[in-house]
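To convert a position in the sequence shown, counted from 1, into our numbering, add 7.
Ideal Cβ positions, reconstructed from N, Cα and C, are used throughout, including at glycine.
One structure is given here, and the rest of the page talks about it.
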Amino acid sequence: MIVKTGAKKKGFTAVSFSKKGETEVVREKGEKSISISIGEKPQSRRTLITLLRRIVQVAKQHKLEKLFISADEIPAPKNVSSFELGALLGENFELANFEFRDFKTRPKEGWRDVKEILIGGADTGFKKGLLRGLLVGGAANKTRVLSNTPGGDMTPALLAQRAKEAARGTRVRVTAWGKKEIERKKMGAILGVARGSDEEPRFIILEYTGGKKSEQPIVLIGKGVTFDTGGLNLKPSSGISDMHMDMSGGAAVIHAVIAAAKLGIKKNIVGLIPAVENMPSGSSYRPGDILRSLSGKTIEVLNTDAEGRLILADALTYANEYKPRLVVDVATLTGASMAALGQRASALFTKDKKIEELFMRLGEASGDYLWPLPLWSEYEDDVKGNFADLANIPPSGGSYGGAINGAAFLYQFVKKSDTEDSYPWAHIDIAPRMTSIPADVLAKGATGAPVRFLVRLLEEF
């Protein structure tokens, strides 16, 4: 889709907004126009995001390919600057126009897509914001492509290959370690999870130097389970069909780092993606097995379907190599986070109140909403093992607080001692935002979360 600024041209459908009445397409003087109903309630940043997506949705429903919108007529809240408005338009027009069709046959009449949007009355700030928004929205859509791709076409090796392809032409250096290199590094948690699959693991590293070489980097870590059967603790049929999306965190990290490079963000940024398949076979790791992680800590495996935290453990330990000033891991980690929050926000865990406040603000600004859950020291007792240093689920059993248990487990690989952490850290459980819901006004499948949040974080931290 082409989105640009300019005066209205013949053949473009004008978009207007009304507080009363229904959304409708009308024809006046031989030309079509859309009147979008916004209701009488005050507009907020959240309602603006939904409104922008609805514009594209209505146009697609009515097979309208070219739209014209006046920037000064968009009902934006007063606290949204011209730059921000342009950025929100670019991001959400891109997101709303996207559909995953890589495996569909193109119909004879073509797809119902909006091909071009013209924005009138745009000032310099709006134009700059629009360019940024289109880039970030495009990055989120590329993330959605990776996440939506079936597991048979998105193995750990193929994910590494796609990362390298996506980084071409940028200043992002991509390295992908194979099984032998992972063995040499003694990443026993990653190797344990990968053991049951014919597809060998990869440890994907993206490095972007936008700041001074001496500057400490921000490290993003993304869970990259390209298909998750649950291992020997096999998932039920109702919970397995979307598990090719269990690498959504890794996909988001890949395209957030690349987007940062394309935006020329003047910071050093590293992306780490441990990529595996979690499969049941004669060589699978078993409930009761004990793995030795890169940190040296041993882990009692009590459930092979709690595999994401295992591979992230090795990545969190490896992050120390960069002496980072911030580490953020992003993972579709637990169904329990969905039980806690529904499907409208990702769960946020951190010990640092300043980080929590910043992340909440940036989540609200970006549209990738976050909500904090506790990470009290008392929860750490729940992940201590009976026969190893740690257990990947609480040995005491029970089915409560699963999202917190996962975060408390990860924290054991962040802390240097009981009184000191290795680096500032936050964990984002994006399982609630893995797939879209009708209220998102997006196509079915992956949402691309939290790319928009990560880019803002890389800009502002």
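Using only the alpha-carbon positions, how far apart do Q419 and D296 sit?
19 Å
For S44, which residues from the same chain have a beta carbon less than 7 Å from its beta carbon, with the 5 sequence-adjacent residues on both sides left out?
S25, G28, E29 and T30
Cα-Cα, which of N275, G257 and S221 is closest to L465?
For the residues N275, G257 and S221, the minimum Cα distance to L465 belongs to N275.
So for F416, helix, strand or coil by DSSP?
helix
If the criterion is Cβ atoms closer than 8 Å, does the pair I126 and A167 meet it?
Taking 8 Å as the cut-off, the beta carbon of I126 is found no closer than this to the beta carbon of A167.
For K111 and V308, what's the separation of their Cα atoms in angstroms?
40 Å
Run the CB neighbour count on L241, radius 10 Å, all protein chains shown included, and call it buried at 16 or more, exposed below.
exposed
Segment contact, 8 Å Cβ cut-off, at least three pairs: the segment 216-236 with the segment 249-261:
yes
What separation, rounded to the nearest whole angstrom, lies between the Cα atoms of L96 and M8?
13 Å
Validate contact between the segment 256-267 and the segment 138-153 using beta carbons, cut 8 Å, 3 pairs:
yes
Looking at the secondary structure, which residues open and close the beta strand (DSSP E) in which I265 lies?
Unbroken run through I265 is the alpha helix (DSSP H), S255 to L270; no beta strand (DSSP E).
Any 3 or more C-beta pairs closer than 8 Å across the segment 275-294 and the segment 195-206
yes
If we count the other Cβ atoms within 10 Å of its Cβ and call it buried at 16 or more, is T426 buried or exposed?
exposed
Sorted by chain position, which residues of the same chain lie with C-beta nearer than 6 Å to A313's C-beta, five sequence neighbours on each side aside?
N399 and I400
Return helix, strand or coil for E307, following the three-state DSSP convention.
Looking at E307 - three-state DSSP - the assignment turns out to be strand.
Evaluate G405 with the Cβ neighbour count: other Cβ atoms within 10 Å of its Cβ, from every protein chain shown; 16 or more gives buried, anything less gives exposed.
With fewer than 16 other Cβ atoms within 10 Å, it is exposed.
P379 beta carbon less than 8 Å from that of L355:
The answer is yes: Cβ separation under 8 Å.
Complete runs of the beta strand (DSSP E) confined to the segment 84-129 [at least 3 residues]
123-127
Can the beta-carbon of R60 be found closer than 8 Å to that of V462?
no
Cutoff 6 Å; reference P82; Cβ partners in own chain excluding five residues on either side
F24, I45 and Q50
DSSP on R332, reduced to helix/strand/coil?
coil
Consider the C-beta atom of A352 and the heavy atoms of the ligand MN; say whether any pair is separated by less than 7 Å.
Only the bare structure without any ligand can be found here, which leaves the ligand MN out of the picture.
In three-state terms, what does DSSP make of E72?
coil
So, is N393 buried or exposed, given that buried needs 16 or more other C-beta atoms within 10 angstroms?
exposed
Confirm, please, whether the CB-CB distance from I306 to A395 is below 8 Å.
The answer is yes: Cβ separation under 8 Å.
Check for me: the beta strand (DSSP E) holding I44 runs from which residue to which?
Before going further, note that residue 44 is Ser rather than Ile in the sequence given. Where S44 is concerned, the enclosing beta strand (DSSP E) stretches over E38 to S44.
With distances taken between CB atoms, is the gap from G3 to L340 smaller than 8 Å?
The requested residue 3 is not part of the displayed model; the chain covers only 8 to 468.
Does the segment 215-223 come within contact of the segment 319-328, defined as at least 3 CB pairs closer than 8 Å?
Between the segment 215-223 and the segment 319-328 there are fewer than three inter-stretch CB-CB distances shorter than 8 Å, so the stretches are not counted as touching.
By a C-beta neighbour count over all protein chains shown, 10 Å radius and 16 as the cutoff for buried, is G160 buried or exposed?
The residue you asked about is not Gly; residue 160 is Asp in the sequence shown. Exposed, since its Cβ has fewer than 16 Cβ neighbours within 10 Å.
Closer than 6 Å by C-beta to G128: which residues in its own chain qualify, once you throw out the five before and the five after it? Chain order, please.
S77, A78 and D79
Per-residue burial, Y407 [other beta carbons within 10 Å of its own, 16 or more giving buried]
exposed
Any contact of the segment 137-149 with the segment 187-195, i.e. 3+ C-beta pairs under 8 Å?
no
Looking at C-alpha atoms only, which residue of P402, G409, W432 and A372 is the closest neighbour of P457?
A372
Let me check one thing: in DSSP terms, what residues is A398 bridge-paired to?
E307
Distance check for R368 and V22, CA to CA, integer angstroms please.
31 Å
For L301, which three-state DSSP category applies?
coil
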